[in-house]
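Peer 1: Residue numbers (our numbering): 10 to 129.
1) In whole angstroms, what is the alpha-carbon distance linking residue 67 and residue 19?
2) Which of the three DSSP states is assigned to residue 78 in this structure?
3) For residue 13, tell me which candidate among 109, 117 and 113 has the shortest Cα-Cα distance.
4) How about residue 17 and residue 63: do their beta carbons lie closer than 8 Å?
5) What residue range does the alpha helix (DSSP H) around residue 111 cover?
6) If we call anything under 8 Å between Cβ atoms a contact, is residue 45 one with residue 65?
7) Does any C-beta atom of chain C lie closer than 8 Å to the C-beta of residue 90?
8) Taking Cβ to Cβ, would you say residue 125 is nearer than 8 Å to residue 106?
Below, the structure written as structure tokens:
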């Protein structure tokens, strides 16, 4: 059963204007920050943080809670061995599953999230 869906579109030029250590530390978890710091290309870094920002905003919309109820660091968006994004969090119990996808263009990052009740 689907519990929530969320989508977010981010203009990368807007993220670029906000991009400083304070913004990065507010958005990225420790695991995400390690990945970000290992990226050499500035455009790839921008796409990475834009995608994470869009992903977390999509999660907030899917759980129908604003940023006041949770924060960006409650969720880590990582990739499996095949490059598929997944979410690590302690926000949910084992009874919920989060599905997330992220895509980029030269100007935008988009993320879509579905949260469903886990079926065992």
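Don't be surprised by glycine CBs; every beta carbon is placed ideally from N, CA and C. Note that the structure is a prediction, hence the values are computed from the model and not measured.
Peer 2: For this structure:
1) 11 Å
2) Reduced to three states, the DSSP call for residue 78 is coil.
3) 109
4) Yes, Cβ-Cβ distance for residue 17 and residue 63 is below 8 Å.
5) Looking at the DSSP string, residue 111 is not in any alpha helix (DSSP H); the run it does join, the beta strand (DSSP E), is 105 to 113.
6) no
7) Chain labels in this structure do not include chain C; a single protein chain is all it has.
8) yes
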